[in-house]
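Colleague:
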Ligand SMILES: CC(C)(COP(=O)(O)OP(=O)(O)OC[C@H]1O[C@@H](n2cnc3c(N)ncnc32)[C@H](O)[C@@H]1OP(=O)(O)O)[C@@H](O)C(=O)NCCC(=O)NCCS
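Numbering (the working numbering), first residue to last: -15 to 425.
1) If I measure Cβ to Cβ from residue 314 and keep anything under 6 Å in the same chain, skipping five residues before and after, which residues do I get?
2) Cα-Cα, which of 245, 147 and 196 is closest to residue 21?
3) What do you reckon, are the CB atoms on residue 16 and residue 47 nearer than 9 Å?
4) Quick one: give me the first and last residue of the beta strand (DSSP E) that residue 198 is part of.
5) Mark residue 404 as exposed unless 16 or more other C-beta atoms lie within 10 angstroms of its C-beta, in which case mark it buried.
6) Report the rounded CA-to-CA distance for residue 78 versus residue 67, giving the unit in angstroms.
7) Per DSSP, residue 335 forms a beta bridge with which residues?
8) Shorter than 8 Å, the distance from the beta carbon of residue 341 to the closest heavy atom of ligand 1, or not?
9) Does the distance from the C-beta atom of residue 286 to that of residue 322 stay below 9 Å?
10) Have a look at residue 217 and residue 111 and give me their C-alpha separation to the nearest angstrom.
11) Let me check you understand the geometry: is the CB of residue 221 closer than 8 Å to at least one non-hydrogen atom of ligand 1?
12) Under 8 Å: does the beta carbon of residue 481 sit that close to some heavy atom of ligand 1?
13) Is residue 358 near ligand 1, in the sense that its beta carbon is under 8 Å from a heavy atom of that ligand?
14) Determine the burial state of residue 61: buried for a count of at least 16 other Cβ atoms within 10 Å of its Cβ, exposed for fewer.
15) Can you tell me which of the three DSSP states residue 360 falls into?
16) Going along the chain, which residues of its own chain have a beta-carbon closer than 8 Å to the beta-carbon of residue 406, five neighbours each way excluded?
17) Under the three-state reduction of DSSP, which class applies to residue 97: helix, strand or coil?
18) Looking at ligand 1, does it come within less than 8 Å of residue 440, judged from the CB to the closest heavy atom?
19) Taking the continuous beta strand (DSSP E) assigned at residue 147, which residues delimit it?
20) Alpha carbons only, please: which of 59, 44 and 200 is nearest the one belonging to residue 176?
21) Between which two residues does the beta strand (DSSP E) containing residue 416 stretch?
22) Quick check on residue 387: does DSSP put it in helix, strand or coil?
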């Protein structure tokens, strides 16, 4: 249980949270809760977190699992289960227990939602079909998602009704089938164009070699899933697989969180660092050319950089006039780093400048990614050489980014004069773009 200090929220914390309100307004989050998390004492806190999300106009669809309760019922009735997670064969007696388990879990969820004052409804908006025979084996009552009635779900959401979807779904003939809840949540997130697919599990997140991965780019996740030696708990692997599928279908983020931790949902969503594992589109997809609307954010970054003399001071107007030269690194719609490419003369030589990463994000590879991106972009734009002028970060450009020493005489006359007039006495570094292999990107 959290200490009173952990529970206490300062009114000023609201300022930070309010930034995110317009960002997620009217977005859909699909939250899938493991059966064991519904049974955990923290579940009421999760429901309270969901109530907060609803009050911020975030539309939540809730899916629950039943594995934990199914195992419990099987023990009580002394019945051997043919499958627990809804991925293998579901025989008739397992199906019968699964229906019972689902009814128990749904009722527990409804009780908690009612306690939190949330309007909700169990829905048959998802239709299932039998998985059928796979490699010669009839999977009997195991189903998969056939169709999602998005119109029904959206009308519920627009009326402030939280849809609760159980992993016992009906097929076209009204036959109940057992569906894996991770798969169900992924299909819902994809069909509804959700911004987030969130798995609340009894695990600290996705662990590799005992370490929880906080941020995991899509490609790294796929590499991990393909690695036969990677030791992933099967229940986490199932969520990771579905998360990868969700990202393939344009769900931008999937989260695997510890549902036993107080405030897990709100911390993950509203704290930059988060709490469990966030799987996101690949890092390079986070870098984009700056737009006019980014001028203020870029000005703020440049101002911070200029304070320590690491960056040349720039006015907002100067930034606006050269906005096309800037590239930004974004996390959750907020700009946390930038770089600029300025062409000289015929564009064969370009200057890489204004490389800045917010101190909070230092040492996480953002700076290097920005520089690597800029190298490739400069090459695409026809440059042969990239130069960088730096007063404090020779080490970064040389050791981490492969730049070599150059001299002021390597700069065009106009830039040389500008440098002299600035009195900055910057060191000139260069990177020959011929060294970049064309295979990258
Ligand atoms: C320089 C800066 C962009 C680096 O960003 P970052 O995101 O922290 O860098 P990364 O995490 O990508 O670091 C990559 C590597 O460079 C090293 N590095 C980072 N800053 C360094 C520095 N000032 N000197 C030497 N090495 C440095 C890191 O240790 C890391 O090495 P590793 O891969 O061996 O662990 C960032 O510190 C910054 O914004 N500084 C203030 C602005 C500035 O000086 N800009 C340059 C003006 S042109």
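Each residue gets a CB set at the ideal place from its N, CA and C atoms; glycine is no exception.
Since the model is a prediction, treat every value here as computed from it, not as a measurement.
Modeller: For this structure:
1) 270
2) 245
3) yes
4) Premise fails: residue 198 is in no beta strand (DSSP E) and is neither H nor E.
5) Looking at its Cβ environment, which holds fewer than 16 other Cβ atoms inside 10 Å, residue 404 is exposed.
6) 7 Å
7) Residue pairing by DSSP places residue 335 opposite 326 and 371 in a beta bridge.
8) For residue 341, the shortest C-beta to heavy atom distance toward ligand 1 is below 8 Å.
9) yes
10) 29 Å
11) no
12) The shown model of the chain, from -15 to 425, leaves out residue 481, and the question about it has no answer.
13) no
14) exposed
15) It is helical.
16) 296
17) helix
18) Any answer about residue 440 is impossible in this case: the structure gives the chain only from -15 up to 425.
19) Element bounds for residue 147: 146 to 149.
20) 44
21) 411 to 416
22) coil
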